[in-house]
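First the structure, in the form of C-alpha cells, and then the observations on it.
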Ligand SMILES: Nc1ncnc2c1ncn2[C@@H]1O[C@H](COP(=O)(O)OP(=O)(O)OP(=O)(O)O)[C@@H](O)[C@H]1O
Ligand SMILES: [Mg+2]
C-alpha cells in the first residue's frame, strides 16, 4: 500500500489527453488535459462522481473512442492510432457484455480464438481462467443461466484469458448487491495479485477505492484533482473537492497568518482561533483559504488556548461505535467531532456546553483552494 | 389503465356488433374459399361433398406450375437481395455516426411503404422503359427487391436497436477485427431480426400483384397474375384451391417470422 518505488516500470502514460464529444469547438468537453502515469502491476483506481469522465478515459485507453488531443503510451509505445483489437488491453464492462449466444467457455475462449490460438490450447487456457474465478463447473452454461456475480466473474475470466498487459474495469461491482460486492472485491484483489496484471479500476464508491487500490486518481469535471495512495488521499487531500469526496471532513474558512519555523502555517479562523496547518505544497500567500480536519482528529479538552478551537455543543448523535458531536462556533461555522464510545470520558459533554477542541498534531490540512 | 380502457370500450354500445362485422368481412371470404376448394362439384355456392380433385387439377396444371416456379424464383431472389441491402442500411443507420440528413435517408428507405403501390408500379415501368431494359423475370426481381427493402429493414433495424453496442466493443476489445465482430457477435445476435425480415419480404414478394402486373414481361407470370388471369376467363374451384394453398403458405411464413422475431428478445 506504500508509494510504488520509482524504479517501477510505467505501464500507461497519459499525456495531455483531451476528449471532446461532438464538434471540437462546440461539443461536450469530457476530459481537459489529463496527465496520468500508471505503473506496471499496479491496482490503480479512477474515482469520481457520475459524469466526471471516468468511462471516457477508459474508452480512450481501450480504443473505443479517439482522443481529441494528446497521446497515450503503453510501455512507451504510442497507441492512440491503434484500433481496440490491436491493443493488448482488455476490458471488463459494467454490464458484463457477455455474448448471449455463446457458452461460458466460448465466451472466455473468444479472445484467444480471435488471436488465432490453436483451439485446444485456447480451451485449456479458458478452463484455467474459469478455475481462477472458481467457475470451472459452469463452463457449458449459457450466460443467462448464471447469477449476476457469476456473470461478473465470467467477464473477468474472459478479459484475462488473452493475457492483456492492462485490464480495464468499468464499475464492475456496481450491479451487484452489497454482500456480493464485498466478496467480489476481495476476489478482484486476489486475482490482481496472482496475475500481476495492471488493473485500472473505475468506481464512484470511495470505500471501494480506498480498500482496493494501490493508488487512486480523483477526477472531477474531466480534470484530475489528485493522485495519491489511499492513506495520503484521506489524510492529506489537496483541495476542497477531494477532502469532501473522500470521507467526512470539516472544511473551515481561514485567513493565513504567517509561517512558523517548523514548516507549518499559522491560520486564523473566523472566530479568531489560531491553529497550525500543514501546507499543501508551497506558494501559500497571506489571505483567505480553507483548511480540512477529519472529525475523528478533533479531541474534546477542557482548557482553551493556542492551537485550540472553541465552540458550543449543539447536538450529540449516537452512531454505535462512535458518537458525533456537532459544535457551533462563534465564527458561525459548525464542526463535527467524532469520538469513539470506547473512550467514555470524551463524550462527557451535553448540548449547550462550551467545549475546546484540539486537533491531533499535523492533521489540519491547508488546502490549495 | 390499459385494462380499464379496454373494459370501457367493451361496454360501448354496438362494440360487439362492429367487431363481429369486421371479423366476418375479413375472414368469411377466406373461409368460404378454403371450404369450397374441397367441394366435389363445380359449384361455388352449393356443397356437393368432399374431394381433393381441384387440388389434383392445380398440381397438374402446367401454367400454374410455371407460375409457381416463377413466383418462387422471384420471391427467393428478391427477398434475399432486399434483406442484404436492408441489413447494410440498418447497420449504417443504427450503428454509423449520426450524419446530416439521416431522417431523410430513413424516409427514403421506407418510401415504398408510404407511396401508393400503383405509383411505384408505374414509376418502375417508366424507369425500365426509359433505360431500355426489356420486361421479364429480371425486371420483376428488381422491382420486388426495391419494394421489399422496407419490409426487411423494419424488423432488422428494430432488432439492431435493441442490441447495445457493448457487445461489439467487447468483441473488438477481444481482438476481433470489424468483420469478425460482425460475423461472430453481431450477426448471430441479429439473426432473429434478419430471418423475420427475410420472411416478411418473401411474403410481400410472393403476394404482390400491382407492381408485378406492371413490370412482368411475357414468360414472367407469377401466381397472383395467373390466378387473376384464370378469374377473368371464368371462376372455377381450382382458383379456390390455389388461393387456399397460397393462404396457407403465407400463414406459415408469417407465423414463423413472428415466432422467430419474438425469440431471444433479451
Ligand atoms: N457519446 C457521448 N456523446 C456526448 N457526450 C458524452 C458521450 N459520452 C459521454 N459524454 C459526456 O461526457 C461526460 C463524461 O461521461 P462519462 O461517461 O465518461 O462519465 P462517467 O464518469 O463514466 O460517469 P458515470 O459514473 O455516470 O458512468 C458526461 O458529461 C457525458 O454526458
Ligand atoms: Mg461510466
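Protein chains in written order, with our numbering: chain A, 4 to 372; chain B, 342 to 607. Each residue gets a CB set at the ideal place from its N, CA and C atoms; glycine is no exception.
Among the options, nearest to residue i - alpha-carbon criterion
i                      : options                    : result
residue 280 of chain A : A/343, A/27, A/366, A/213  : A/366
residue 334 of chain B : B/467, B/374, B/451, B/358 : Given a span of 342 to 607 for chain B in the structure shown, any question on residue 334 of chain B remains unanswerable.
residue 492 of chain B : B/387, B/437, B/595        : B/595
residue 91 of chain A  : A/54, A/175, A/169, A/12   : A/169
residue 351 of chain A : A/328, A/338, A/364        : A/328
residue 55 of chain A  : A/149, A/223, A/150        : A/223
residue 53 of chain A  : A/102, A/258, A/30, A/248  : A/248
residue 49 of chain A  : A/225, A/238, A/355, A/371 : A/225
residue 420 of chain B : B/488, B/370, B/348        : B/488
residue 389 of chain B : B/398, B/376, B/399        : B/376
residue 202 of chain A : A/44, A/189, A/139, A/83   : A/44
residue 33 of chain A  : A/12, A/11, A/70           : A/70
residue 447 of chain B : B/458, B/432, B/370        : B/432
Nonlocal neighbours in the same chain, by C-beta distance under 6 angstroms from residue i, ignoring five residues either side
i                      : result
residue 396 of chain B : 582
residue 550 of chain B : 565
residue 41 of chain A  : 14, 15, 47
residue 299 of chain A : 341
Same chain, Cβ closer than 8 angstroms to residue i, five either side skipped, listed in chain order
i                      : result
residue 227 of chain A : 37, 38, 39, 220, 221
residue 343 of chain B : Reliability fails at residue 343 of chain B, whose pLDDT of 49 lies under 50, so the model's placement of it is uncertain and no value is given.
residue 81 of chain A  : 74, 75
residue 260 of chain A : 268, 269, 270, 271, 277, 289
residue 173 of chain A : 57, 58, 61, 94, 95, 96, 97, 205
residue 209 of chain A : 50, 248, 249, 250
residue 522 of chain B : 509, 512, 513
Sub-8 angstroms separation of residue i and residue j beta-carbons
i                      : j                      : result
residue 245 of chain A : residue 303 of chain A : no
residue 158 of chain A : residue 95 of chain A  : yes
residue 335 of chain A : residue 273 of chain A : yes
residue 277 of chain A : residue 307 of chain A : no
residue 401 of chain B : residue 563 of chain B : no
residue 533 of chain B : residue 490 of chain B : no
residue 410 of chain B : residue 501 of chain B : no
residue 22 of chain A  : residue 68 of chain A  : yes
residue 171 of chain A : residue 152 of chain A : no
residue 161 of chain A : residue 88 of chain A  : no
residue 291 of chain A : residue 258 of chain A : yes
residue 175 of chain A : residue 200 of chain A : no
residue 507 of chain B : residue 100 of chain A : yes
residue 530 of chain B : residue 568 of chain B : no
residue 283 of chain A : residue 370 of chain A : yes
residue 295 of chain A : residue 229 of chain A : no
residue 538 of chain B : residue 496 of chain B : yes
residue 51 of chain A  : residue 207 of chain A : yes
residue 354 of chain A : residue 319 of chain A : yes
residue 536 of chain B : residue 102 of chain A : no
residue 193 of chain A : residue 211 of chain A : no
Own chain, CB closer than 7 angstroms to residue i, minus 5 neighbours either side, in chain order
i                      : result
residue 165 of chain A : 93, 114, 115, 118
residue 430 of chain B : 450, 494
residue 415 of chain B : 478, 481, 482, 485, 546, 563
residue 6 of chain A   : Bear in mind that a pLDDT of 49 at residue 6 of chain A, under 50, signals an unreliable position, so the model cannot answer this.
residue 325 of chain A : 341, 342, 343, 344
residue 339 of chain A : 251, 253, 298, 327, 329
residue 125 of chain A : 112, 115, 116
residue 86 of chain A  : 66
Any chain E beta carbon closer than 8 angstroms to residue i
i                      : result
residue 345 of chain A : Going by chain labels, chain E is absent from the structure shown, which instead holds the protein chains A and B.
Legend entry - the stretch 260-267 of chain A touching the stretch 206-222 of chain A, judged by at least three CB pairs closer than 8 angstroms: Taking 8 angstroms as the limit for Cβ pairs, the verdict is that the stretch 206-222 of chain A does not touch the stretch 260-267 of chain A.
Inset, instruction - Pull out every residue of the stretch 492-519 of chain B whose Cβ sits closer than 7 angstroms to any Cβ of chain A, in chain order. - result: Listed in sequence order: 507, 508, 510, 511, 513, 514, 515, 516, 517, 518.
Inset, instruction - Pull out every residue of the stretch 104-123 of chain A whose Cβ sits closer than 7 angstroms to any Cβ of chain B, in chain order. - result: Residues 104, 113, 114, 117, 118.
Legend entry - Selection of the stretch 522-546 of chain B by Cβ proximity to chain A, strictly under 7 angstroms: Cβ contacts with chain A: 526, 529, 530.
Legend entry - Contact set between the stretch 216-232 of chain A and chain B, restricted to residues whose Cβ is under 8 angstroms from the partner: Within the stretch 216-232 of chain A, no residue qualifies.
Inset, instruction - Taking 8 angstroms as the threshold, find out whether the stretch 307-318 of chain A comes into contact with the stretch 354-372 of chain A through three or more Cβ pairs. - result: A contact between stretches requires three or more CB pairs, one per stretch, nearer than 8 angstroms, and the stretch 307-318 of chain A meets this requirement with the stretch 354-372 of chain A.
Inset, instruction - For the stretch 499-515 of chain B and the stretch 439-453 of chain B, state whether three or more C-beta atom pairs, one from each stretch, are separated by less than 8 angstroms. - result: Under the three-pair Cβ rule at 8 angstroms, the stretch 499-515 of chain B does not count as touching the stretch 439-453 of chain B.
Inset, instruction - Mind the definition here: the stretch 570-586 of chain B touches the stretch 425-436 of chain B only if three or more C-beta pairs lie below 8 angstroms; say whether that holds. - result: No, the stretch 570-586 of chain B does not touch the stretch 425-436 of chain B.
Inset, instruction - Answer yes if the stretch 354-364 of chain B comes into contact with the stretch 531-547 of chain B, meaning at least three C-beta pairs across the two stretches below 8 angstroms, and no otherwise. - result: With the cut-off at 8 angstroms, the stretch 531-547 of chain B and the stretch 354-364 of chain B do not touch.
Legend entry - Residues in the stretch 195-214 of chain A having any Cβ partner in chain B nearer than 7 angstroms: Result list empty, no residue passes.
Inset, instruction - Report yes or no: do three or more beta-carbon pairs, one from the stretch 229-247 of chain A and one from the stretch 55-64 of chain A, lie closer than 8 angstroms? - result: Contact between the stretch 229-247 of chain A and the stretch 55-64 of chain A is absent, because fewer than three Cβ pairs lie under 8 angstroms.
Inset, instruction - Determine which residues of the stretch 19-51 of chain A have a Cβ less than 9 angstroms from any Cβ of chain B, and write them out in chain order. - result: Within the stretch 19-51 of chain A, no residue has a Cβ lying closer than 9 angstroms to any Cβ of chain B.
Inset, instruction - Report yes or no: do three or more beta-carbon pairs, one from the stretch 463-478 of chain B and one from the stretch 547-555 of chain B, lie closer than 8 angstroms? - result: Touching, yes, given that three or more Cβ pairs across the two stretches are closer than 8 angstroms.
Legend entry - Segment contact flag, the stretch 142-150 of chain A with the stretch 104-111 of chain A, C-beta cutoff 8 angstroms, min 3 pairs: Cβ pair count under 8 angstroms is three or more, so yes.
Inset, instruction - Note down, in chain order, all residues in the stretch 63-78 of chain A with a beta-carbon under 9 angstroms from any beta-carbon belonging to chain B. - result: Listed by position, the residues of the stretch 63-78 of chain A near chain B (Cβ gap below 9 angstroms) are 65, 66, 67.
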